[in-house]
Amino acid sequence: MCGIVGAVAERPITPILLEGLKRLEYRGYDSAGVAVIEQSGALQRCRRSGKVSELAQALLNEPLHGRLGIAHTRWATHGAPCERNAHPHFSGSDLAVVHNGIIENHEALRAELCGLGYEFSSDTDTETIVHLLHHKLKTFPDLADALKAAIPELHGAYGLAVISASQPDRLLAARSGSPLVIGLGLGENFLASDQLALRQVTDRFIYLEEGDIAEIRRNSVQIWDESGALVEREQVQYHEGAEAADKGEYRHFMLKEIHEQPAVVQRTLEGRLGSGRVLVQAFGAEAAELFARVKNVQIVACGTSYHAGMVARYWLEALAGIPCQIEVASEFRYRKVVVQPDSLFVTISQSGETADTLAALRNAKELGFLGSLAICNVGTSSLVRESELTLLTHAGPEIGVASTKAFTTQLVALLLLTLALGQVRGTLDKATEAELVEALRRLPTHLGEALAMDKKVEKVAELFAEKHHTLFLGRGAQYPVAMEGALKLKEISYIHAEAYPAGELKHGPLALVDSDMPVVTVAPNNELLEKLKSNLQEVRARGGELIVFADQQAGMANGEGTHVIGMPHIHDVLAPILYTIPLQLLSYYVAVLKGTDVDQPRNLAKSVTVE
Ligand code: F6R
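Under UniProt numbering, the first residue of the sequence shown carries the number 1, and numbering increases by one thereafter.
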């Protein structure tokens, strides 16, 4: 959510900052800006509302040349998305700040700073930071000292970067609740809110920890921890292919990421399956001992990751016999929770930086859970660092704002968790575990078969182009899959979509059904199929048009107002993973037909690091 890039080098840094912003644009894209200290020693900036391409165009007309600079792409929280509110924000003519996150006491700070004579030129909370820092510089002339003095007065979550024309040899950074990473070069160093932004210039990184303040110069980096002590943080070499930030042959990142699913699911399984069993040590050295004591599981997550957790509840209770609760993080964190004895706290997150999920984990630590496990896609994220056990999903960077491959790899990880818990606690018989391990090994092939239905789904998408509302139905573990399908459709095509357990239809939503309301259903061949078929009859009887993704063996055929798309046959337990694919493709093709911005849908951003 918002992106920060900074550089201190011996070469012109504006192209590096711009390239970094383009790579981070998926995190926020309503305005962007860059500030550099020019050769003359003057601090200059260029800001534009809209996408980074608008800023790039403006910089062609008014170039900025400098060797020290900061840049930002914004997802508005305080103040409308317009040029005046775009970062970097200035205090006077020589101090600039970019900021991710929220300063919660910004109103009090604004009043105090106005009282000291500062004039605000934006509606943002960020501007309070830069004026506060300016004020502190009067007492602490060194920029790092001034920042250290200002930080205790900032309440909330932030990652921020600062430059000053009067100290043009350094870039300052501070992290509290919003990630920052330093990129190490030779005779040049960089800063970003995500290492993805810097992979064009380096593969060596230092991740700042909570409460860290850093001073970054061309040839040195100094970091102070929360207590003010000078600390050494580990350097990490990043090996994953830099091509991840590239669309390759695909028109959109989302389509590329949908098609990557067989490969990333394969990667998520690698090294985690033994002969006929899941390797429990994949969850960490202490996992076996901890899992043996688990009598209950509490899952907490947001959005798509929450839907993955909902599927896991069906699996954990049916296969491992463990009671499971699941809740969205924004509710869990503010609720008085009664913790069941011997409960494992599980968080699920693609980014590992989602503010609500992180806050829920921090609360959970006070609540007496047995331990915490993060199912996460980013090994260096706050969530992973703060959890006792981790299972990484290995989906690779997900750039499309709508989550796709993150979801299916989360489901795979959650099924591995189910099998591991069942195995260690002795609640899952060996034959069932072996059967599911074999089914998991075949899963990438089945996902490939589902992707081969691409053209059929594209055709069916035409039914939705003129519609304003849709219903998604599923039963059992397919109900969360229907919820995920509805979320995908609404977020990228802006069509109103709601998901219901099919059995709930007659308790209200059936009243909505008419010929203008397509009803999408996922129908694997399981014990609920006949009941689902009856629910679909209820829809047809009201003139509703049905789009059914059905197992080839389900005995469902095309008919008037009924469009059946045959799915490969798969083990019922794995069906939620397979049936997700056509729903992702459906929302993608509907969005393309509607001409929306598929990878960067309006009002949204990747990695929600604010509450
Ligand atoms: C939807 C989507 C969001 C995220 C949610 C949680 O396509 O991407 O709903 O799933 O913001 O994000 P993570 O998984 O990073 O915690």
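C-beta atoms are modelled at their ideal positions from N, C-alpha and C, and glycine is treated no differently. Just so we're clear, the structure is a prediction, and the values are computed from it rather than from any experiment.
Asked: In terms of DSSP beta bridges, what is Ala7 paired with?; Found: Gly69 and Phe190
Asked: Looking at the ligand F6R, does it come within less than 8 Å of Val5, judged from the CB to the closest heavy atom?; Found: no
Asked: Shorter than 8 Å, the distance from the beta carbon of Glu25 to the closest heavy atom of the ligand F6R, or not?; Found: no
Asked: Determine the burial state of Leu60: buried for a count of at least 16 other Cβ atoms within 10 Å of its Cβ, exposed for fewer.; Found: exposed
Asked: Identify whether Leu593 lies in helix, strand or coil by the three-state DSSP scheme.; Found: helix
Asked: Roughly how many angstroms separate the alpha carbons of Gln350 and Asp429, rounded to a whole number?; Found: 31 Å
Asked: Please state if the CB of Leu133 and the CB of Val162 are separated by a distance shorter than 9 Å.; Found: yes
Asked: Taking residue 694 and His87 to be in contact with their CB atoms under 8 Å, please state how far apart those CB atoms are, rounded to whole angstroms.; Found: Nothing about residue 694 can be reported from this structure: the residues present for the chain run from 1 to 611 only.
Asked: With three or more C-beta pairs closer than 8 Å as the rule, is the stretch 107-122 touching the stretch 14-22?; Found: no
Asked: What are the partner residues of Tyr500, as DSSP defines its beta bridges?; Found: Leu473
Asked: Rounded C-beta distance between Ala482 and Ala499? I'm assuming under 8 Å.; Found: 4 Å
Asked: If Thr409 sits next to Thr393, beta carbons under 8 Å apart, how far is it from one beta carbon to the other, in whole angstroms?; Found: 4 Å
Asked: Measuring straight from C-alpha to C-alpha, what distance separates Glu153 and His89?; Found: 18 Å
Asked: Looking at the secondary structure, which residues open and close the alpha helix (DSSP H) in which Cys539 lies?; Found: The question names Cys, yet the displayed sequence has Val at residue 539. Its alpha helix (DSSP H) spans residues Leu529 to Ala541.
Asked: Just to confirm before moving on: does the CB-CB distance between Asn535 and Asp572 stay below 9 Å?; Found: no
Asked: Identify the residues that DSSP records as bridge partners of residue 639: which are they?; Found: Coverage of the chain is limited to positions 1 through 611, which leaves residue 639 absent and any answer about it impossible.
Asked: With DSSP as the reference, identify every bridge partner of Leu95, one or two as the case may be.; Found: Ser91 and Ser164
Asked: Verify the contact flag: residue 612, CB atom, against every heavy atom of the ligand F6R, threshold strictly below 8 Å.; Found: Absent from the structure is residue 612, since the part of the chain shown begins at 1 and ends at 611.
Asked: For a test of your reading of the model: does the CB of Val598 fall under 8 Å from any non-hydrogen atom of the ligand F6R? Yes or no.; Found: no
Asked: Can we count Lys533 as close to the ligand F6R, meaning its CB is less than 8 Å from some heavy atom?; Found: no
Asked: Just to confirm, does Gly177 get its C-beta within under 8 Å of one of the non-hydrogen atoms of the ligand F6R?; Found: no
Asked: Please state if the CB of Leu191 and the CB of Ile4 are separated by a distance shorter than 9 Å.; Found: yes
Asked: DSSP three-state call for Thr393: helix, strand or coil?; Found: coil
Asked: Determine whether the beta carbon atoms of Gly20 and Gln235 lie at a separation below 9 Å.; Found: no
Asked: Taking the alpha-carbon positions, what's the Tyr207 to Glu331 distance?; Found: 29 Å
Asked: Quick check on Trp75: does DSSP put it in helix, strand or coil?; Found: coil
Asked: Rounded to whole angstroms, what is the Cα-Cα separation between Glu127 and Gln298?; Found: 40 Å
Asked: I'd like the span of the beta strand (DSSP E) that includes Thr139, first residue to last.; Found: No beta strand (DSSP E) contains Thr139, which is instead part of the alpha helix (DSSP H) from Thr126 to Thr139.
Asked: Measuring from the CB of Gly20, is there a heavy atom of the ligand F6R at a distance below 8 Å?; Found: no
Asked: Just to confirm the assignment, what range does the beta strand (DSSP E) spanning Thr445 have?; Found: Element bounds for Thr445: not the beta strand (DSSP E) but the alpha helix (DSSP H), Lys430 to Leu451.
Asked: Could you check where the beta strand (DSSP E) with Gly274 kicks off and where it finishes?; Found: Here Gly274 belongs to no beta strand (DSSP E), and DSSP marks it neither H nor E.
Asked: Report buried or exposed for Glu353, applying the criterion of at least 16 other Cβ atoms within 10 angstroms of its Cβ.; Found: buried
Asked: If you measure from the CB of Leu392, is any heavy atom of the ligand MG nearer than 8 Å?; Found: Judged by which ligands are present, the ligand MG is missing from the structure shown, whose ligands are the ligand F6R.
Asked: Can you check whether the CB of Ala288 is closer than 9 Å to the CB of Leu24?; Found: no
Asked: Can you tell which of Arg602, Tyr588 and Glu611 has the C-alpha that lies nearest to the C-alpha of Arg251?; Found: Tyr588
Asked: Any heavy atom of the ligand F6R closer than 8 Å to the beta-carbon of Glu353?; Found: yes
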